[in-house]
Amino acid sequence: MAETTAETKKEAPKRMGRPSVIADAIPQFVESVRTVEDGYEDLWQREWDERISGKALSTRSAYVSRYRTAIKEALGDRHPALAFIKVLESRDEPLRTAPDRRSNAGRKPTRREAIETFVQQVQALDKERQAIIKAGKKTQKQADYLYRRQLAKLWKAITDDWRGRIESTTVLANTSLFRNALREAKLADEDTLSVVVAPKDIQQAVSKTYRDSVIEQHNELIAVPHWRDLVDTARDALPKTDASWSKLEEAATEIAAKAQRGELVRYGVALGLLTGRRPYEVFCQGAIAPMPLMFDQQNHVAGRGYETWRVLFSGQSKTRGREGTQFETSFAIPVLAPAKEIVLAWTVLRMSEDGQIWRQMSNEEFKNDLLRLPNTLFRDIRTEMFAPLWPAPALDDSKNATEGKRLTANNLRALYAEIADQFFRPKSKSKAAFFAEVLGHTEKDIETATAYMKYYLPDQKTAGPTKRVKGRLAHKQAERLEKLGLSHDPD
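According to my numbering, the residues represented by the sequence shown are 90 to 580, in order.
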């Protein structure tokens, strides 16, 4: 009998339960956090909508705890993503566009579904607007007024639903997603975008929190002792040629025909630091051109030629077309390597086979191609190039210091602005105004510009384009710089 019992136990089937979905999702989320450079709030909101929001309250809390524990174990208990990984809703409902709308599964729609529904509603309103104009029932002005009034009701229902349920910063992030969806649907006319904006009181609340954070950040600037080596590393990564300006495009064509994907990404990473432009601007949207050497009354420089340390840039992103920004305009930017090297590398990117594809991509498509898992080529190359020289984190770092010591595109952009400030800012211009100018922000948007003031160069005592500082950056080309008549004040 004992023998039979033992045999029965041995042959007893193992318990077959449904595999844990959340157990598989958490490691994937951790890797996503490890990969992205910012947008943790949006990342968590998406994870929340897809995996957690429909669960019971106790289950949601337990899941959030597991996510937070996984992030701490993998990335440290000071990682900035932890500030956003929390229970988001005060009631057991995902985001919805209207009070009584339900999906076919009997649940409120997720954010993605809400956006799709909203776009469909706006499309219907727009078609109705066009129809009554065509039928002669209303003038253009009258039809536009009715359209804005009906759209405002729809949008208010959505924003009212968000109030008290999600954080103010999430409201802004969600608003951007709705606006981007309207753009993709070709509905981004002035009437539409003037209505689909975050409520003013929420904007003001976020702005106050942002200002407080910037003030705190300015009290603990981060030293970057190896900034020269970072610039040299980026410059060494660029393609090389002895061609003159007139033959530069021909040289770029030859290099582009042979360039592999990894080489092109390396050029792009280097250009990000040397020009201060965002990855999407470097690889997809932006354009660089030589800056003609203008007549300088003081130095009597005129005629043909191009400036050595400035180029013309167009294709500024993330301006939302705001008045006063450099949206859809060309403007001069200082560069941290000779302009010919910058123009060559940029042209190679555009002429390459991969570059032609990148140029056609939307921001989301580009992120999925180069910046998000499982595609880590961009991050791997940037880490290889810059991580050994980047400020190292310390256990006692504050939140701002921890964020500033992350190797991200935004932080490289901030370092570019700090270096450019040391070399090229006229003494008649404030640092904040100079940052706003070279980064393409509005002339009045000093607040955003100051958010990039994260670093200082320990071997530099004063800012301004002095001959001594320019000589250090230019190395062997200091004499060439003076001959071209770029503005600088003698020691």
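Every residue gets a Cβ at the ideal spot worked out from N, C-alpha and C, and that includes glycine.
Quick caveat: nothing in here was measured; it's all calculated off a predicted structure.
Segment limits, beta strand (DSSP E) that includes residue i
| i | result |
| --- | --- |
| Q399 | The sequence given here has Arg at residue 399, not Gln. Unbroken beta strand (DSSP E) run through R399: Y395 to S403. |
| P381 | A376 to P381 |
Cut-off 6 Å between Cβ atoms - residues of its own chain near residue i, not counting five sequence neighbours on either side
| i | result |
| --- | --- |
| P427 | T397 |
| I174 | W133, Y156 and R157 |
| E273 | none |
| A241 | V284 |
| G404 | E370, Q374, G375 and A376 |
| I344 | P328 and V437 |
| L164 | none |
| Q292 | none |
| T186 | Below a pLDDT of 50, predicted positions are generally treated as unreliable, and T186, at 38, falls in that range; the measurement from the model is reported next regardless. A203, T206, F207 and I247. |
| R218 | A232 and Y236 |
| W251 | V260 |
| A262 | E130 and D131 |
Bridge-paired residues (DSSP) for residue i
| i | result |
| --- | --- |
| F420 | F402 |
| A312 | Y545 |
Bounding residues of the alpha helix (DSSP H) (the contiguous stretch that carries residue i)
| i | result |
| --- | --- |
| N499 | A498 to F513 |
| A348 | From DSSP, A348 is part of no alpha helix (DSSP H); its letter is neither H nor E. |
| M440 | A428 to M440 |
| K216 | R200 to K223 |
| G493 | K488 to G493 |
| V284 | E279 to V284 |
| L177 | No alpha helix (DSSP H) holds L177; DSSP gives it neither H nor E. |
| I111 | V110 to T124 |
| N452 | N452 to F455 |
| W133 | Y129 to E136 |
| R254 | Element bounds for R254: n/a, residue is neither H nor E. |
| R461 | First-last for R461: undefined, no H or E at that position. |
| E526 | K520 to L528 |
| E473 | L466 to F475 |
Same chain, Cβ closer than 8 Å to residue i, five either side skipped, listed in chain order
| i | result |
| --- | --- |
| M380 | Y395, E396, R399, V400, L401, A421 and A428 |
| G357 | P368, V371, F372, L438 and F467 |
| D249 | none |
| A326 | R355, Y356, V358, A359 and M474 |
| Q227 | The sequence given here has Lys at residue 227, not Gln. So the list reads I221 and L235, once near-sequence residues are dropped. |
| D486 | R167 and K494 |
| Q386 | At Q386, the pLDDT of 43 sits below 50, so the modelled position is not reliable and the matter cannot be decided from this model. |
| E454 | none |
For residue j and residue i, believed in contact at Cβ under 8 Å, the rounded distance
| i | j | result |
| --- | --- | --- |
| L528 | W435 | At roughly 18 Å, the Cβ-Cβ gap does not stay under 8 Å, so L528 and W435 are not in contact. |
| R350 | A498 | At roughly 19 Å, the Cβ-Cβ gap does not stay under 8 Å, so R350 and A498 are not in contact. |
| C373 | M450 | 5 Å |
| H315 | L478 | 4 Å |
| V176 | V153 | 5 Å |
| V260 | L425 | In fact, because the Cβ distance is near 38 Å, the residues do not count as touching under 8 Å. |
| Q229 | I221 | That pair is no contact at about 10 Å. |
| K543 | L310 | 7 Å |
| H530 | T537 | 5 Å |
| V354 | L266 | The pair is not a contact, with the Cβ atoms about 27 Å apart (cut-off 8 Å). |
| Y541 | A506 | 5 Å |
| T364 | I431 | 6 Å |
| A114 | R140 | 6 Å |
| L214 | Q231 | Not confirmed; about 14 Å, so no contact. |
| R461 | T124 | 6 Å |
| T199 | D290 | In fact, because the Cβ distance is near 26 Å, the residues do not count as touching under 8 Å. |
| A340 | L433 | 7 Å |
| L276 | Q212 | 7 Å |
| L581 | L362 | Absent from the model: residue 581. The displayed extent of the chain is 90 to 580, so no value can be given. |
Beta-carbon contacts of residue i that lie in its chain and below 7 Å, excluding the five residues immediately before and after
| i | result |
| --- | --- |
| T258 | E130 and V295 |
| A170 | V122, Y129 and I160 |
| D280 | D233, Y236 and R237 |
| A194 | Caution is warranted here: a pLDDT of 47 is assigned to A194, below 50, making its placement in the model unreliable, and the coordinate value is therefore given only provisionally. Cβ within range, chain order: n/a, list empty. |
| A270 | I204 and V208 |
| E491 | The sequence shown places Thr at residue 491, rather than the Glu named in the question. For T491, where only same-chain residues beyond five positions count, the Cβ hits under 7 Å are R167, P169 and P482. |
| P547 | A312 and P314 |
| V286 | T264 |
Interface flag, residue i vs chain D, CB-CB below 8 Å
| i | result |
| --- | --- |
| A163 | Considering every chain present, this structure includes no chain D. It has just one protein chain. |
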